[in-house]
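> Quick note, the working numbering runs 66 ahead of the 1-based positions in the sequence shown. Glycine included, every Cβ here is placed at the ideal spot set by N, Cα and C.
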Amino acid sequence: MVLKLIMIGDVVGEPGLAVLEKLLPSLIRDEGADFVVVNGENAAAGFGITETDKTRILNAGADIITTGNHVWEKREFWPVLDAEGGERILRPANYPGKPVGRGWKLIQKNNVPWVVINLQGRELMTPIDCPFRAFSCVETLGAQATEIHPLLDTEGTIPDLLKETGAIVLVDFHAESTREKEALGFYLDGRAAVVAGTHTHVQTADERVLPRGTAYITDLGMTGVSGGVIGMDAAVCQDRARTQVLYRMTCAVPTPAQPSELQGILVEIDRETGKAVSIRRLRVS
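#1: Could you give the C-beta distance for alanine 110 and lysine 140, rounded to a whole number, given that I count them as a contact under 8 Å?
#2: For glycine 79, count the other beta carbons within 10 Å of its own beta carbon; 16 or more makes it buried, fewer makes it exposed. Which is it?
#3: Pick from Glu334, Ile335, Ser292: whose alpha carbon is nearest that of proline 322?
#4: Could you check whether the Cβ of alanine 300 sits closer than 8 Å to any Cβ belonging to chain B?
#5: Where DSSP assigns a beta bridge to methionine 288, which residues make up the other side?
#6: Which residue wins for smallest C-alpha separation from leucine 71, given the options Leu89, Val103, Gly82?
#7: Would isoleucine 331 and arginine 346 be called neighbours here (beta carbons separated by less than 8 Å)?
#8: Taking the alpha carbon of valine 333 as the reference point, which residue from Ala262, Asp76, Leu156 has its own alpha carbon closest?
#9: Less than 8 Å between C-beta atoms, sequence neighbours within five positions excluded: which residues of the same chain meet that for alanine 259?
#10: Please give me, in chain order, every unbroken run of the beta strand (DSSP E) with length at least 3 that falls completely inside the segment 77-109.
#11: Note down, in chain order, each residue of its chain lying with its Cβ closer than 8 Å to the Cβ of aspartate 129, except the 5 sequence neighbours on either side.
#12: Check the C-beta distance from valine 85 over to threonine 264 and give it rounded, since I have them as a contact under 8 Å.
#13: Just the Cα atoms here: how many angstroms apart are leucine 312 and threonine 118?
#14: Does cysteine 303 come out as helix, strand or coil in the three-state DSSP assignment?
#15: Determine the contact status of valine 77 and isoleucine 123, defining contact as a CB-CB distance below 8 Å.
#16: Could you tell me which whole beta strand (DSSP E) segments of length 3 or greater appear in the segment 242-277?
#17: Check the C-beta distance from aspartate 255 over to leucine 276 and give it rounded, since I have them as a contact under 8 Å.
#18: Quick one: give me the first and last residue of the beta strand (DSSP E) that glutamate 334 is part of.
#19: Kindly indicate which residue of Ser344, Ala149, Gly251, Glu242 has the alpha-carbon position closest to the one of phenylalanine 198.
#20: Taking C-beta to C-beta, are threonine 192 and asparagine 135 nearer than 8 Å?
#21: If you follow the alpha helix (DSSP H) that isoleucine 123 is part of, which residue opens it and which one closes it?
#22: Taking the alpha helix (DSSP H) that leucine 147 belongs to, which residues open and close that run?
#23: Smallest Cα separation from arginine 274: which of Ile283, Gly294, Thr266, Val268?
#24: Are alanine 300 and alanine 318 touching if we call contact CB-CB under 8 Å?
#25: Closest by CA to valine 146, which one among Gly114, Tyr161, Ile183, Val182?
#26: Which of the three DSSP states is assigned to serine 344 in this structure?
#27: If I measure Cβ to Cβ from proline 91 and keep anything under 7 Å in the same chain, skipping five residues before and after, which residues do I get?
#28: Given a cut-off of 8 Å, decide if glycine 294 and lysine 247 are closer than it, judged by their beta-carbon atoms.
#29: Between threonine 121 and arginine 157, is the Cβ-Cβ spacing less than 8 Å?
#30: Take arginine 337 and list the residues in its own chain whose beta-carbon comes closer than 6 Å to its own, dropping the five residues that flank it on each side.
What follows is the structure, encoded as structure tokens:
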């Protein structure tokens, strides 16, 4: 049996939300997708996410929302990460200490268990805890990992939780460095069905199935206005680069010449082995 997974790149502002709501339901139907992951950390005008944004993304067809460094932008949203029902949105698992929210989740859908793990990179970003060790902590300790500091150095095999359920393991790695993303992809090859990078908003053309069966792409891209600069107004971004003044970026406005797009991947996964069979880039407008 082959399962179909859709993962969607960072939703940027109202243009991203609108095109997600327009295109994702039909994409799920046409592709026969079994599970959908959407990164929503830029949904609130490009910076963070609100409860309304979360509801819109889930209603569009996402089974779970992943995030990244901008998840902390809206302080009023923090309680939502811990609230009842908040388990359908993740923050990166490798923040130090015990911040609000969850870094990973096991979701049962149509008798198939999916484990989604959200990690954040450290190269060229805030040097938080090690994403490699954080994955190993979740992988080795299962449900107990939420009670243990993610830096705990535990290298091991898939725990009984994953063995017994035959869970499909998915990783959203929100990171800047291509090198760090590829390194994690090879580190998790054969241990996760998919390792997909997010954060840079530029879809890469390096999608492939690694030797031990992990589907990999350095960046899913973004869901928003394709003609801007990472979904933001090009003129403002030029001024920031030219003057080094941190003008507040605003979302680009879609036009016929620069429409909004939905970007991501479609992955086929063997249900029995939990390994990827194929990966294909998605770019729909």
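Once the coordinates are examined:
#1: Taking the first residue of the sequence shown as position 1, residue 110 is located at position 44. Taking the first residue of the sequence shown as position 1, residue 140 is located at position 74. With a beta-carbon spacing of about 6 Å, alanine 110 and lysine 140 fall inside the 8 Å limit used to define contacts.
#2: In the sequence shown, counting from the first residue as 1, residue 79 sits at position 13. With 16 or more Cβ atoms within 10 Å of its Cβ, glycine 79 is classed as buried.
#3: Counted from its first residue, the sequence shown places residue 322 at position 256. Of Glu334, Ile335, Ser292, the residue nearest in Cα terms is Ser292.
#4: Here chain B cannot be found, since the structure has a single protein chain.
#5: The count along the sequence shown starts at 1 and reaches residue 288 at position 222. Methionine 288 is bridged by DSSP to Asp76.
#6: The residue you call residue 71 lines up with position 5 of the sequence shown. For the options Leu89, Val103, Gly82, the alpha carbon positioned closest to that of leucine 71 is the one of Val103.
#7: Position 265 of the sequence shown, counted from the start, is the residue given in the question as residue 331. Position 280 of the sequence shown, counted from the start, is the residue given in the question as residue 346. Against a cut-off of 8 Å, the Cβ pair of arginine 346 and isoleucine 331 comes out as a contact.
#8: In the sequence shown, the residue the question calls residue 333 occupies position 267. Distance check between valine 333 and each of Ala262, Asp76, Leu156 places Ala262 closest, using alpha-carbon atoms only.
#9: Here residue 259 corresponds to residue number 193 of the sequence shown, with the count starting at 1. Closer than 8 Å at Cβ, skipping near neighbours: Leu71, Ile234, Val235, Leu236, Gly279, Thr280, Ala281, Val333, Ile335, Gly340, Lys341, Ala342.
#10: Taken in chain order, the complete beta strand (DSSP E) segments of 3 or more residues contained in the segment 77-109 are 101-105.
#11: For this step, residue 129 is matched to residue 63 along the sequence shown. Hits under 8 Å: Phe101, Val102, Val103, Arg154, Ile173, Lys175, Trp180.
#12: Taking the first residue of the sequence shown as 1, we reach residue 85 at position 19. Taking the first residue of the sequence shown as 1, we reach residue 264 at position 198. In fact, because the Cβ distance is near 17 Å, the residues do not count as touching under 8 Å.
#13: Numbered from 1 along the sequence shown, position 246 holds the residue referred to as residue 312. Numbered from 1 along the sequence shown, position 52 holds the residue referred to as residue 118. Rounded to whole angstroms, leucine 312 and threonine 118 show a C-alpha spacing of 28 Å.
#14: For the purposes of this step, residue 303 is taken as the residue at position 237 of the sequence shown. Three-state DSSP puts cysteine 303 in a helix.
#15: Locating residue 77 in the sequence shown gives position 11, counting from the first residue. Locating residue 123 in the sequence shown gives position 57, counting from the first residue. For valine 77 and isoleucine 123, yes; Cβs fall inside 8 Å.
#16: If we require 3 residues or more, the beta strand (DSSP E) runs fully inside the segment 242-277 come out as 260-264.
#17: Walking along the sequence shown from the start, residue 255 turns up at place 189. Walking along the sequence shown from the start, residue 276 turns up at place 210. Approximately 4 Å separates the beta-carbon atoms of aspartate 255 and leucine 276; this is inside 8 Å, confirming the contact.
#18: Position 268 of the sequence shown, counting from 1, holds the residue named residue 334. Per DSSP, glutamate 334 belongs to the beta strand (DSSP E) from 326-336.
#19: Mapped onto the sequence shown, residue 198 falls at position 132. It is Gly251.
#20: Residue mapping note: residue 192 aligns to position 126 of the sequence shown, counting from 1. Residue mapping note: residue 135 aligns to position 69 of the sequence shown, counting from 1. The answer is yes: Cβ separation under 8 Å.
#21: Your numbering for residue 123 matches position 57 in the sequence shown. 117-126 is the extent of the alpha helix (DSSP H) around isoleucine 123.
#22: As a position in the sequence shown, residue 147 is number 81, starting the count at 1. Per DSSP, leucine 147 belongs to the alpha helix (DSSP H) from 144-148.
#23: Your numbering for residue 274 matches position 208 in the sequence shown. For the residues Ile283, Gly294, Thr266, Val268, the minimum Cα distance to arginine 274 belongs to Ile283.
#24: In the sequence shown, the residue the question calls residue 300 occupies position 234. In the sequence shown, the residue the question calls residue 318 occupies position 252. Result yes, Cβ atoms of alanine 300 and alanine 318 sit closer than 8 Å.
#25: Locating residue 146 in the sequence shown gives position 80, where the first residue counts as 1. Selected option, being the one with the closest Cα: Gly114.
#26: Along the sequence shown, one-based indexing puts residue 344 at 278. Residue state, collapsed to three classes: strand.
#27: Indexing the sequence shown from 1 puts residue 91 at position 25. Once the five neighbours on either side are set aside, the close Cβ partners of proline 91 are Ala126, Gly127.
#28: The residue you call residue 247 lines up with position 181 of the sequence shown. The residue you call residue 294 lines up with position 228 of the sequence shown. Taking 8 Å as the cut-off, the Cβ atoms of lysine 247 and glycine 294 do not count as close.
#29: Taking the first residue of the sequence shown as position 1, residue 121 is located at position 55. Taking the first residue of the sequence shown as position 1, residue 157 is located at position 91. No; because the gap between Cβ atoms is not below 8 Å, this pair is not in contact.
#30: The residue labelled residue 337 in the question sits at position 271 within the sequence shown. Hits under 6 Å: Met67, Leu69.
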